[in-house]
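Colleague:
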Amino acid sequence: MAVAIVNSTLYASSGLFYDWTDAVNDSLYQFEKNTIALYQLGCLADDDWDGDGDGGWDCFSACQNATKLWNSTYSGYTLHNCMVYPIVAQMWNDGNLTAEGIDIAKYYGIRNDTDTPMYTGSPGIQDCFNDYCVRFESEDEWCKSPNGTYDIGENWWQLDFPTNMCDGLDAQINGDVMGIGVAISLLMQVAILTLSWLLFHCTRDWIKYLTWPCFRRKDSITPERLQAALKNSKPSKALVEWEGLAEFQDTQVWLMIAVQIACLVALKRPEAFEAESWQQYRNNVGVIYDLAFGGCLPVLLTLVLLRQANQSDWLVLLTTACSVSLAAAAWMITWQSSFRGFEPAAIEHKGPATCGQLKPTALCFPNDWFAKSSVVGSYKGLAVLIFCWVLLLYLIIENFRVFKQRPGRENRTWKRNILEVHKSWIAHTSRARSFGLESQSSIVRRTSQLAYSNQFWHALSKFILLAAEVALLALTLRMLKDYSNVFDNENFVVLDKKSWSLGQVIAVTAFVPPVVRFIWYCIFGKKEEDGREDRSPEYNRASRSDSDPKMNNSPEITEFPEHPGGDISYRA
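Using my numbering, you'd call the opening residue of the sequence shown number 1244 and step up by one each time.
1) From the DSSP output, in three-state form, read off residue 1629 for me.
2) Any contact of the region 1493–1508 with the region 1737–1754, i.e. 3+ C-beta pairs under 8 Å?
3) Pick helix, strand or coil for residue 1605, following the three-state DSSP scheme.
4) For residue 1360, count the other beta carbons within 10 Å of its own beta carbon; 16 or more makes it buried, fewer makes it exposed. Which is it?
5) With 16 other CB atoms within 10 Å as the buried threshold, where does residue 1744 fall?
6) One question on the structure: do residue 1520 and residue 1386 come within less than 8 Å of each other, judged by their Cβ atoms?
7) How about residue 1415 and residue 1736: are their beta carbons less than 8 Å apart?
8) What is the DSSP secondary structure of residue 1622, counted as helix, strand or coil?
9) What's the C-alpha gap between residue 1587 and residue 1544?
10) Residue 1530 and residue 1377 - do their beta-carbons sit closer together than 8 Å?
11) I'd like the span of the alpha helix (DSSP H) that includes residue 1478, first residue to last.
12) Return the CA-CA distance between residue 1328 and residue 1715, expressed in angstroms with no decimal places.
13) Specify whether the region 1532–1551 and the region 1436–1443 touch according to this definition: at least 3 beta carbon pairs, one from each stretch, less than 8 Å apart.
14) Helix, strand or coil: which one does DSSP assign to residue 1353?
15) Counting Cβ pairs, one atom from each stretch, are 3 or more of them under 8 Å apart for the region 1343–1360 and the region 1562–1576?
16) Can you tell me which of 1705, 1540, 1702 puts its alpha carbon nearest to the alpha carbon of residue 1722?
17) Quick one: is residue 1575 buried, meaning 16 or more other Cβ sit within 10 Å of its Cβ, or exposed?
18) Assuming residue 1599 contacts residue 1309 (C-beta within less than 8 Å), just tell me the rounded distance between them.
19) Whole angstroms is fine: what's the gap from residue 1633's alpha carbon to residue 1639's?
20) Helix, strand or coil: how does DSSP classify residue 1570 here?
21) Please state whether DSSP places residue 1328 in a helix, a strand or coil.
22) Report the residue from 1305, 1765, 1427, 1469 whose alpha carbon sits nearest the alpha carbon of residue 1450.
23) Would you report the Cα separation of residue 1569 and residue 1711, rounded to the nearest angstrom?
24) For residue 1684, count neighbouring C-beta atoms within 10 Å of its own C-beta (all shown protein chains included) and say buried if the count is 16 or more, exposed if not.
25) Would you kindly check if the distance between the Cβ of residue 1591 and the Cβ of residue 1509 is under 8 Å?
26) Find the nearest neighbour of residue 1312 within the set 1718, 1604, 1698, judged by alpha-carbon distance.
27) Looking at C-alpha atoms only, which residue of 1333, 1636, 1478, 1319 is the closest neighbour of residue 1522?
28) Tell me the DSSP secondary structure of residue 1271 in three-state form.
29) Given this structure, state the Cα-to-Cα distance separating residue 1367 from residue 1338, to the nearest angstrom.
30) Check the C-beta distance from residue 1573 over to residue 1507 and give it rounded, since I have them as a contact under 8 Å.
31) Under 8 Å between the Cβ atoms of residue 1436 and residue 1351?
32) Do the CB positions of residue 1474 and residue 1764 come within less than 8 Å of each other?
33) Assuming the contact rule is C-beta atoms closer than 8 Å, residue 1597 and residue 1532 should be a hit. Round their C-beta distance to whole Å, please.
34) Below 8 Å on the Cβ atoms is my contact criterion, and I expect residue 1302 with residue 1353 to pass it. Report the Cβ-Cβ distance as a whole number of Å.
35) Which whole-angstrom value describes the C-beta separation of residue 1223 and residue 1286, a residue pair presumed to lie in contact below a C-beta threshold of 8 Å?
36) Inspect the beta-carbon positions of residue 1489 and residue 1432 and report whether they are closer than 8 Å.
And the structure:
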């Protein structure tokens, strides 16, 4: 890579990310403005490791110090400045720097001295490459490149560097956190959830609304009858009445709890990632972002479906809340980790001493990778997390029935939640105002208005619930897109598709039992407690004919006996 720069301006940058996608920072050269950048976080003095620059900068010393160059918190920025050092020094000596550029060069500790080794190149970088590729006999492809040297020419400010150094980087994610089996399991989970959501609503109410324009009033088959037939079908029963959806919820909740615990353990023990580069470490951290939402979004959507099917009990609520809590904890810890700089302690030290005991590729990390690969890692992810918690809190409050019904002859003995109490209070106040302030003729009109109001609020509540379901499903599908951004990267290897272990096999087969049982029930049905298979109401009515002697042995009851207390009324 050869670049000529004449009459250039040197400026300082406070950028937060080091970009080494092509082994040279993209902001190193700006041809339109003829500028060269120096990072503020690079070449910091010994007594100023907080990054504020109070202790000053000394690139001359830092570029010859293997620890500062390769194995410190801001090594990426220091390495960038050391790559620029010879170019700036030669431009200064040839009079091609502006007055402001000379002041910046002095401020960063760059010297205009042709006798120093830093004038023609950076020995700290070259010694590291030589030791790693020659003495360690590394098999990395970039070590075999003919451009694997660092040299600065006299007339052309030339930066010959192994540009393929970070291409094909082995940055695989730890299999305990996200292996090929967990990835396939996640795809299965989202696919099953999406199909279950469609089947649930199509057999409950959607078909009636979609087919309503196609039927006439006098047709024998009405939309209501068609919807009732679908609701009574085997797939619908297998999903709801025969607890196929509840079993799927149990499976995914416990699997997500196990995955979140593994993520929390890995976050507390960075060495568990077994990362050999900063890119590999960030790959693990970035995937945990998406795994955290895997423990929130799918389980909450299934919980909402169970709530509509009247199969949501306290056990389901508590296990779901546990999964969401662990996922939120993993997300928050990961969010804090994403703002940290380079942490050498998190990287395995398998390099020569001239590289600070690290591999040269330890600093391969593009600056825009994290923003592109994990949208849920930004403040948008925090908003999604708050939405999940609000929805879960509503579902929990709805099951908190601690308020007794007011005593009365027509009342049952069941309890209500705070939402029902508030709704009852509003309705009671409206009725009292109607009967107290209006005439008898207007009471009928007011009653019809109240009935219309109840229908409106009922329809609005169903719409809000459907909107929440659509939002959860859309965010779940968006989560899969984040996974694809991580796994389908051309610059480095993230996922080994051939690395199968016992844990990966278990993750894939976790969803097999509920799927097999659901398919079995859809084909053969489910036997009742008395051993007979479930039959449709039409079959039961047809089997009980008048010719059956067993059905005609009991005497026919023509009237009900009178109750001693008088009239019997149903207690609603």
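Heads up, the beta-carbon is just placed ideally off N, CA and C, and yes, glycines get one too.
Modeller: Inspection of the coordinates gives the following:
1) Walking along the sequence shown from the start, residue 1629 turns up at place 386. Residue 1629 falls in the helix class under three-state DSSP.
2) yes
3) As a first step, residue 1605 is located in the sequence shown; it is residue number 362 there, counting from the start. Looking at residue 1605 - three-state DSSP - the assignment turns out to be helix.
4) Looking up residue 1360 in the sequence shown gives position 117. Exposed is the call here.
5) Along the sequence shown, read from residue 1 onward, the residue named residue 1744 stands at position 501. Label assigned to residue 1744: exposed.
6) Position 277 of the sequence shown, counted from the start, is the residue given in the question as residue 1520. Position 143 of the sequence shown, counted from the start, is the residue given in the question as residue 1386. Result no, Cβ atoms of residue 1520 and residue 1386 do not sit closer than 8 Å.
7) Along the sequence shown, read from residue 1 onward, the residue named residue 1415 stands at position 172. Along the sequence shown, read from residue 1 onward, the residue named residue 1736 stands at position 493. A contact, by the Cβ cut-off of 8 Å.
8) Within the sequence shown, the letter at position 379 stands for residue 1622. Three-state result, residue 1622: helix.
9) In the sequence shown, the residue the question calls residue 1587 occupies position 344. In the sequence shown, the residue the question calls residue 1544 occupies position 301. Answer to the nearest angstrom: the Cα atoms are 40 Å apart.
10) The residue you call residue 1377 lines up with position 134 of the sequence shown. The residue you call residue 1530 lines up with position 287 of the sequence shown. Cβ distance not < 8 Å, so residue 1377 and residue 1530 don't count as in contact.
11) Residue numbering aside, residue 1478 sits at position 235 when the sequence shown is read from its first letter. First-last of the alpha helix (DSSP H) with residue 1478: 1477–1482.
12) Along the sequence shown, read from residue 1 onward, the residue named residue 1328 stands at position 85. Along the sequence shown, read from residue 1 onward, the residue named residue 1715 stands at position 472. One C-alpha to the other measures close to 51 Å.
13) yes
14) The sequence position of residue 1353 within the sequence shown is 110, counting from 1. Here DSSP, grouped into helix, strand and coil, assigns residue 1353 to coil.
15) no
16) Along the sequence shown, one-based indexing puts residue 1722 at 479. If we check each option's Cα against that of residue 1722, 1540 comes out closest.
17) Translated into the one-based positions of the sequence shown, residue 1575 becomes position 332. By the 10 Å Cβ count, residue 1575 comes out exposed.
18) Taking the first residue of the sequence shown as 1, we reach residue 1599 at position 356. Taking the first residue of the sequence shown as 1, we reach residue 1309 at position 66. The Cβ separation is near 5 Å, so the contact holds.
19) Start at 1 with the first residue of the sequence shown, and residue 1633 comes out as number 390. Start at 1 with the first residue of the sequence shown, and residue 1639 comes out as number 396. Whole-angstrom Cα-Cα distance: 10 Å.
20) What you label residue 1570 is simply residue 327 of the sequence shown in a count that begins at 1. Helix at residue 1570.
21) The count along the sequence shown starts at 1 and reaches residue 1328 at position 85. Helix, per DSSP.
22) Residue numbering aside, residue 1450 sits at position 207 when the sequence shown is read from its first letter. With distances taken between Cα atoms, residue 1450 lies closest to 1469.
23) The sequence position of residue 1569 within the sequence shown is 326, counting from 1. The sequence position of residue 1711 within the sequence shown is 468, counting from 1. Between residue 1569 and residue 1711, the C-alpha separation is close to 22 Å.
24) Within the sequence shown, numbered from 1, the residue matching residue 1684 stands at position 441. Confidence in residue 1684 is poor, its pLDDT being 49 and thus under 50, which makes the residue's placement unreliable; the coordinate value appears in the next sentence. That one is exposed.
25) Your numbering for residue 1509 matches position 266 in the sequence shown. Your numbering for residue 1591 matches position 348 in the sequence shown. No.
26) The sequence position of residue 1312 within the sequence shown is 69, counting from 1. Residue 1604 is the option with its Cα nearest to residue 1312.
27) Counting from one through the sequence shown, the residue named residue 1522 turns up at place 279. Among 1333, 1636, 1478, 1319, the Cα nearest to that of residue 1522 belongs to 1319.
28) Position 28 of the sequence shown holds residue 1271. Note that residue 1271 has pLDDT 47, beneath the 50 cutoff, so the model's placement of it is unreliable and the number below is only indicative. DSSP places residue 1271 in coil when its eight states are reduced to three.
29) Stepping through the sequence shown from its first residue, residue 1367 is reached at position 124. Stepping through the sequence shown from its first residue, residue 1338 is reached at position 95. Whole-angstrom Cα-Cα distance: 26 Å.
30) Here residue 1573 refers to the residue found at position 330 of the sequence shown. Here residue 1507 refers to the residue found at position 264 of the sequence shown. With a Cβ gap of about 6 Å, residue 1573 and residue 1507 count as contacting.
31) Position 193 of the sequence shown holds residue 1436. Position 108 of the sequence shown holds residue 1351. No, the Cβ-Cβ distance between residue 1436 and residue 1351 is not below 8 Å.
32) Taking the first residue of the sequence shown as position 1, residue 1474 is located at position 231. Taking the first residue of the sequence shown as position 1, residue 1764 is located at position 521. In this structure, residue 1764 does not lie closer than 8 Å to residue 1474 by Cβ.
33) Residue 1597 sits at position 354 when you count from the first residue of the sequence shown. Residue 1532 sits at position 289 when you count from the first residue of the sequence shown. That belief does not hold up - the Cβ atoms of residue 1597 and residue 1532 are roughly 35 Å apart, past 8 Å.
34) The residue given as residue 1302 occupies position 59 in the sequence shown. The residue given as residue 1353 occupies position 110 in the sequence shown. About 5 Å; that satisfies the 8 Å criterion.
35) In the structure as shown, the chain starts at 1244 and stops at 1815, and residue 1223 therefore has no counterpart that could be examined.
36) Residue numbering aside, residue 1489 sits at position 246 when the sequence shown is read from its first letter. Residue numbering aside, residue 1432 sits at position 189 when the sequence shown is read from its first letter. Taking 8 Å as the Cβ cut-off, residue 1489 and residue 1432 do not qualify as a contacting pair.
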